[in-house]
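Written out below as C-alpha cells is the structure these notes cover.
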Amino acid sequence: MSDLESNRSLDQTATNTGNRHLIKRRSLLKTLCALPAGILLATHMSFAVADVNTTGLAVTDKDVTVGILHSLTGTMAISETGAQEAEKLAIKQINEMGGILGRQIKIIQEDGASDWPTFAEKSKKLLVQDKVAAVFGAWTSASRKAVLPVFEKENGLLYYPTFYEGLEQSKNVIYTGQEATQQILDGLNWVAKEKKAKTFYLIGSDYIWPRTSMKIARKHIENVLGGKVVGEEYKPLGNTQFGSVINKIRLKKPDVIYAAVVGGSNVAWFKQLKAAGINSKKQTLLTISVTEDEVLGIGGENLEGFYSIMKYFQSQDNPNNIAFVKAFKEMWGDDSVIGDVTQAAYLGPWLWKAAVEKAGSFDVDKVVAASEEGDIELTTAPEGYVKLHPNHHLWSKARVGKWNKDGQATVVYTSDLLEPDPFPAGYQ
Amino acid sequence: MLNVSNLKVSYGQSEVIHGLDFSVPKNETLAIMGRNGMGKTTLFKSLIGVLPASEGTISVDGVDVTSCESYQRVENGIAYVPQGRMIFPSLTVKENIETGMEVSKMKTIPDEIYALFPVLHEMRNRKGGNLSGGQQQQLAIARALVTNPKVLLLDEPTEGIQPSIIKDIANVLNEIKKMRDITIIVSEQVLSFTMAVADRIIVIDGGKFIHEDRREDVDTEQIRGYLSV
Amino acid sequence: MSFVYEKLMGGKQGMVGLIILSALILVVFPMFLDSFRLNLLGKYLTYAFAAVSLVLIWGYGGTLSLGQGIFFGLGGYAMAMFLKLEASSPENTAIQSTPGIPDFMDWNQITALPWFWEPFSSFSFTIIAILVVPTFFAFLIGSAMFKRRVGGVYFAIITQVISVILTVLIVGQQGFTGGINGITDLRTLNGWDITSDSAKNIFYYVNCVLLIGVIVLSRWVLTSKFGRLLLAIRDKEDRVRFSGYDVANFKIFIFCLAAMISAIGGAMFTLQVGFMSPSFVGIVPSIEMVIFAAVGGRMSLIGAVYGCLLINFGKTVFSESFPELWLFLMGGLFIAVVMFFPNGLAGLWQDYGHYVTDRFTAIKNKILNKSTPSNDSAKKTLPETELS
Amino acid sequence: MDGYTYSELGAILAMQGFAGISLFSVLLLMALGLAIIFGQMGVINMAHGEFMAVGAYTTYFLSYLTETYFPAFMPYYFIFAIVVAFIVAGILGYFAEFILIRHLYARPLDTLLATWGLSLIMQQSFRSMFGAREVSPTLPEWLMGAYQPTEMIDIPINGMFVLGLTAVVTLGVFYLMFKSSWGLRVRATTQNRVMSGAVGINTKKVDRYTFALGCGIAGIAGAAFTTIASTGPTTGSLYIVDTFMVVVFGGAASLFGTIASAFSIAQAQSIMEFFMSGSMAKVYTLFALVLILMFRPEGLFASKVRR
Amino acid sequence: MYSNTDYTLAVEGLTVSFDGFKAVDDLNFYLDKNELHVVIGPNGAGKTTVLDLICGKTKATSGSIKFLNQELTELSEHAIVRAGVGRKFQTPSIYENLTVLENLEVSYPQGRGVFGALMFKRTQTVLDKIHEIAREIMLETELDTEAGLLSHGQKQWLEIGMLLIQDPQLLMLDEPVAGMSVKEREQTAELLNKISMGRSVLVIEHDMEFVAQIAHKVTVLHQGKILATGDMAEVQNDPNVIEVYLGH
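Residue numbers (the working numbering), protein chains in the order written: chain A, 24 to 451; chain B, 3 to 231; chain C, 79 to 466; chain D, 8 to 314; chain E, 1449 to 1696.
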C-alpha cells in the first residue's frame, strides 16, 4: 500500500539541500563558548575508548559511527531528502571542528523506503549490526511508531526532526521539532487577537497528526479563545477534490480557515481555493502543514497572503540563519529551499554533540541522562535559541509567516520561548 | 490465378498438410472435398494466412504472398468466407459489409451487392448476430466480395444451412462467377452442392490430394465413396 | 503410508521439494544467518503464506484475487488487537485520561473500549478470530461474487476495490483502528516478551512449521477430487456445472481457504514484526503477493515460497546499494515473468530439477547403503543447486 | 438551515451542483482512455495512471520552457501543451503496445501484472527525470479565478475549462469509434481479431493505434489535471482504482455506460461529501458500487447479446 | 398456470429474447418417456438455445419447462443436472488433461459437495461403474489414455459416457455425430438406440440420414418456432417444411 494511500500521507513538510562550507569560525566559537567550560576542555583528545564507550558501541580511537535513516525512495523521499541533507551538513561541520570527544563521525545511511516495516528493519540493523551510537531519522508518525519499540528494546538513541502530534515521550528519543501545542496555541492566539477571529473552519488530511492537532485547536478555540468551530473536515490522503468542502466553507463563512492538509492534496486544495475565488483578500487562512517545500509544489501565487505557523522560516533574518542557509545552499545547490523540518533535523547532531560532551561518554544511558538535565542549549540554531527540556523536547518559539508570491514567507509574529508539553493538560 | 506448391502446414509438432501442389486459373471454380478432419479447413486457413505454412509457396496472380499477413493477402486479392461464417455479431449488417471495404477503398456499399443479396439490404441496420444462419452466410460472402477479390475462398459454405438456402447459395456463386473475373475455391462435403458450382473437384484425405476430376468426368459414386470411408 | 506419500507429499518430486525447503528454512538458514537476518527472513516467510494462498485461488482456482492483502491484514489486525490490549493494561497506561484502553483511542477521545475490541482480550478468542473472521469475510465476498458468476477481470478489480475500501476505513476510523500508524508498540504475548531475540527465534520456527503445514494441507486439498474439480472448473467451467456441481461453492471454498492461509501469515507477521498497519491491506501489497506467486510459478506451492524469498531478498539487497535500480528491476521482473517465464521458478525447476532429484536419490541410496551419513554434504549441495 | 437566506442557499446549491459536474468531467476524462483500452481491447492497463502523469509532466515541462524562453507566450502555451501531452503519451503508448501488450492479448490477467511492472518503471523514470518532489506548472492567468454570474456564485474557471475539454474529447471519441471507418476497424478487431485480418484489416496496426489513442487521451487528462492538482511520480496510482471503477461500473464495452457511470459516481460522491466526512463518502460510494456490481456484474449499461 | 402432464419433458410457451430479437418464440414441445426425439433446423433456428434453456444455461423470458412435472426454469444448472437432466455440448467438452478414467470419475455422481469432493475415495463400486460405462461407450481399453489424445469421435463418446455415469432421465445431445466418420456414426447410432431404452433422449442434428436412423420423432425448428413435428416421413412430406426448409 505504501504507494497508494500512505502516499503523501505523512509528509507534513519537506526539505532540502545544503552546502559545503563550514560554518563561520565566529559562530563556531560561539557554540563552544556556550558550552559549560569543563566540558569544553574535556572535548579535546585523550579519552580512551574504554572510558567513553562501555556498552560496545561502534566507537574507536579515531571515530564514532552514527546512522541516518530516512526514505530515499518511495513517496516520502520527497519530504525526507531535505532532512537527511541537513543532518549530513551538521555532521560535516562538526567533523571539521574536530569531531566529538576527538572522534570523527562516520555515517551509515539506510533507506526506509517510505515503508514502516522497512524502517523497523533498518533501525534494528543499525543498532544491532552496526552498533551506531545515535540515529538521526524517521519522519512520519507511523515510521516513528514503527521504530520506537526497536530503539527501546535495543536501547538506541533517535533524534526525530518532525513537528508532530505529541502524546509521546520516550527515553530513547529526542524530539527536535515542535510538539502540537507549541505549534498551534500561539498561532491561534495571534489570529484571534490580530484578525478578531471568532469562527473557525478546521480541515485536514485524515490521519493522526491532523486529527490530534485539530483536537487541540478545537479545545483551545472553544475553551480559551471563546470562539466557535463551525466545521471540521478530514479528506483522505491524496484526495484532490475539494469542491464540496469549499462550498461548505462558503456556507459557514468562517473568520478563519485552519488547515492541516498534507502532501499532494495540499496543492489541489490551494489551487481549488484560488479557483473558487477564495483568496487572502477575502479570507484569512492559517495552516500548520505548509513549509517552503510545499510552496514549491503549490506555487507562491496560489498562497499569497495566507499564513503558516512554524518554528522556522528560511527568510528569518539572523546571523545564525544567514550562515546556515548559505552553507546549506553551497553543499546542496542554489535551488534548495529550507523548510521547518530541515532546520529541525539540522539541530539533531548538534544536540547530540552537546550531550555527549557533557556526559563525557557515548553511552546512550549517559547521553540521555545528560540530556535530561535540561541545560543543553544551542545558541547557534538557525531558528534562534533552543534549549532541551527534560521531557526530551525543545524549548522554541512559534512564528507566523505570511506567504509571498516568491515562495518565501515574511515572519509577522514571533512568540516567546515556549515550553514543550507533549501531554498537555486540558487538551486531551 | 492461384498457385500453390509444396504447401506444408503443422499444428505444433504434427504436420497436417503434407506438401500440396495445385493451381487454379481465372474463372474456374475448384471444389476441395473431404471428410471432417482431413485438412480442408487447415488448408484454407493457411491460404488466407491465419495459420502459417511451414514450407511451400502460395502466389496470387504472380505475386508471392507466402510470408504475408492475412490483411496483405486480402490486399493482393484473396477473400475468405470461413467455416461458421464468423460475422461480427454486434456490428450491424451494413457495418459488417463495410469492414471488407478497407482494401477496396470504396466509400459506399455497391448496389450490386444488395442486388445479389436483397435480404441484406432489408436488414442492413440489424445486428449481424441476430441473423439466421443462411443470412449470415450471405453476409459473409458479401463482406468478402466488397474486397474485390481475385480469388474467393469459401470453407464449407453449406454447413448448418437449411437445404432450401443451399440452392440459393449455389445460384449466387454461379452469378458471381458470371459477373466477375474471379477464381472460386470452395471446400465441401455435400456433393450435390459441389456439382452445382464446381468446374473441377479435388478430394483431400489425410492432408494429401488423392483424386482429381473435371466436373464433366466425375463419377459421383466414386467421390461418395471417398467421402464416407 | 503410500497415501501420505502420494497425497500429502506430492510424490517423489514433491517430496524432494518439500524436504529441501524444510531443510533450508529449518536448518540451513538458522545455521548461517545471524538473528537479525533470520528475523528478516521470518518476516518474508509470513508473506509466503499469502503467496501460497494465491497458488490455490489463482493458479489452481483460475481466479485472480487482488485482495489477499485484506485477509493478511485482517489476520494481522486480529493478532495486533490482542497484543495491544495486553500492552494497554491500566498500569502501563496510567498517564492516559482513560487508563486501560489502547493509547490511540485515548488520543481520539474515546473513553471506553469499543464492543468489538472486548473479546480480543481473550487469547483463545483471538486465535479463533484470526482463522474465522477473514474466512467469514471471504465467504461473504465469495458468495456474493461467485454465486453471481463474477469472475476473471471483474473479480480482480472488485477485490482490489474492497481492499481500498478497507484501507480508507481503517485510516479514517483511527479512533478504533489506530489509523495510518496502525497498531504499534506491541510487547508481550501472555506476559512473554515478544521483542526478545529468543522469542523471535521461536516465532521463526513456529512460522516455518505452520508454513510447511499449510503447504501439506494445500497439497491434500489439491490431490483430492476437489483439486481435480478445481482444475476442471478452471478449464471447462460449464462442463463441471453441467455435471451437477455447484461451481460457485467450490470457488467460495478455495477462496475461504486462501483467505485463512493469508490470515495466518498476517498474524505471524504481527508477532514477528511487532506492529500492524493499514499498509498491508491495500493494493500494492496485494499485487506484490501476486508477483511472489508468479515468480515462484503460479502452479507451485513450494515455488511460491521461493518466489517470495527471492523477491524480498532482492529488495533488501538492492535497495541497500542501488535503490533506483531496484524499482526498474522489480518492474522488469514483473514483465519478464509474465512474458518469458509464465511458469516462474517452478517452471525452471521442472525443466532442470530432475538433475537435482536424481542426485538426491543417488545420495539417498548412498546413505542407505553405507549407513554412514554425510549429512553435511547432502545439505550443502542441494540448496545451492536448488534455485539455479 | 437557519440563518441563511434563500438566495444564499440557492447559490450554494448551484455551486454544489457545479462541484458534482466538475468531478464528473474529471472522472470521465480519466475513464475515457481506459474505456477504450480496457473496454474495447480488454487490456487491464494498470499503467494508465502513469500515462496521465506523462501528460501532466509534459505540461509542466512545456510551462517551464515557455516561462524560461518565451515568457510572452505564457497565456497560450497551455492549449498547445494539451496537444503535445496527447502526442507524447500516445507515442509512449504506441511503443508500450509494440514492446509489451501485443504479446498478451490472449491473457488479460497477465496484462494486469505486466502493466503493473510497466507502471513501476515509469514511476521511477519520472523520479529520475523530474525528481521526487511534486511539481506544478505555472498556469496562464485566464485559467485561474472564478466566474461570477451573481454576487454569491463563484464558478471556478479551471473547472469549466476541464468540463469543456471533456466534452470535446468525448465527442471526438464518439465520432472516431462510431462514425469513422477507423472506429469500425477497431470494433471489428475487438470482436474477432483473426477474422478482421481475413477481411483485410491490418489488425496489428489497429491494436497499436487504439492503444496509443487510449494513452493519448490519458495524456490529455493528465494535462487537464494540472489545473486542479500537482503531479508527482506516484500521482498516477492515485487515480487508477477510481478510473477502473468508472469503466467497470458503466459496463466495460459501453462508452455510453462510461459516461453515465462517471456521472452517477460523481454526483453520489459530491453530494455525500457535503453531508459527511470525505473518507466516509468515499467508503460509501465504493461500497455501493461493489454492491451494485454484484447484482449486475456486467455493469450498468452492458447490453445482452446472443452469445 | 402450466398444468402437470405425463410427459418426461413438457415445454410450454417458452420464449427468450436477446436485445429485442426473439431467438425462441412461444415454443410448445413435449417429450415422452423412452422417446428419442431429434430437433433439426438450420443454424440460428434456436436449437441450441432450446437446450440452453432446458438445462438452465440461459434464462427464459417467459414460459415453462417441466421435467417430470418439476419446473426447471426456477432451478440453477447443477440442480437441474441433479434432477436428472444431462447435456452434451456441440464441441466435445471433456477435461483434456485428465485420463478417460479420471474424466468419468469426476463425473461420478458422488462427492458433489465441497466436502464430499474433499473426502471422495475411489472405491471398488466407483471403479466397477466406470468400467461398465467405458464398455458401453467403447472406451474400455482407453481408460488410462489422456482424454486430449483421443480421436474426435472418441471424445464425443466420452462426453456421452460422462453423462451416462450419472444415469440421467433426460439426455440432451447437441450434434453428437458432427465430425465423425461413417463407421463412427453407425456405432453412435447404435449407442444412442441402446441408451434411449429407459430414458428420454433429445438430439440436435443436421445429418438427415443419421436422423432417419435414430429418430422416433422429429421436430423442425425455424426462426425460433416449430415448423413441424412428427415421425421422419411426416416431416419430410410436410409442405411447410419443404417450402421453408428443404426447398423444392
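Even for Gly, the Cβ is constructed at its ideal location relative to N, Cα and C. All figures in this text were calculated on a predicted structure; none of them were measured in a lab.
Nearest to residue i (by Cα), restricted to the options the options
i	options	result
Ile28(D)	Gly62(D), Phe87(D), Ile162(D) and Tyr71(D)	Ile162(D)
Gly6(D)	Thr265(D), Ser126(D) and Lys211(D)	In this structure chain D extends from 8 to 314, so residue 6(D) is not present and cannot be described.
Leu32(B)	Gly208(B), Gln224(B), Leu193(B) and Glu71(B)	Leu193(B)
Ile207(A)	Arg234(A), Lys194(A) and Tyr183(A)	Arg234(A)
Gln1617(E)	Gly1494(E), Lys1642(E), Met1586(E) and Val1649(E)	Val1649(E)
Asn8(B)	Asn173(B), Gly21(B), Gln139(B) and Ser16(B)	Gly21(B)
Phe70(A)	Ile321(A), Lys85(A), Thr78(A) and Leu80(A)	Lys85(A)
Ile208(D)	Ser106(B), Thr59(B) and Gly58(B)	Ser106(B)
Gly230(C)	Glu148(D), Thr12(D), Val248(D) and Asp117(D)	Asp117(D)
Val211(C)	Ala345(C), Asn279(C) and Gly410(C)	Ala345(C)
Which of helix, strand or coil DSSP assigns to residue i
i	result
Trp418(A)	strand
Asn427(A)	coil
Leu229(B)	helix
Phe218(D)	helix
Gly140(C)	coil
Glu114(B)	helix
Arg226(C)	coil
Phe110(C)	helix
Gln1518(E)	strand
Asp249(D)	helix
Ser14(D)	helix
Leu1598(E)	coil
Ala190(C)	coil
Gly58(B)	strand
Cβ neighbours of residue i in the same chain (closer than 7 angstroms, five flanking residues each side left out)
i	result
Val253(C)	First, the residue type needs correcting, since residue 253(C) is Gly and not Val in the sequence shown. Excluding positions up to five away in sequence, the list reads Met183, Asn186 and Ile188.
Ala136(A)	Ser94, Thr96 and Gly97
Thr241(D)	Gln130
Arg376(C)	Val133, Trp136, Gly137 and Gly422
Residue i burial status per 10 Å Cβ neighbour count (16 or more: buried)
i	result
Ile19(B)	buried
Met1567(E)	exposed
Leu307(D)	buried
Sequence-distant residues of the same chain with beta carbon closer than 8 angstroms to residue i, five excluded per side
i	result
Val415(C)	Ile369, Ala372, Val373 and Gly422
Ile342(C)	Phe127, Gly153, Ile208, Leu209, Leu288 and Val292
Where the beta strand (DSSP E) through residue i begins and ends
i	result
Ser189(B)	Thr185 to Glu190
Lys210(B)	Lys210 to Arg216
Glu255(A)	Lys251 to Lys258
Tyr1543(E)	Segment: none, Tyr1543(E) is in no beta strand (DSSP E) and carries neither H nor E.
Tyr82(B)	Ile80 to Val83
Own chain, CB closer than 6 angstroms to residue i, minus 5 neighbours either side, in chain order
i	result
Ser143(D)	Ser237
Ala440(C)	none
Ser12(B)	Ser56
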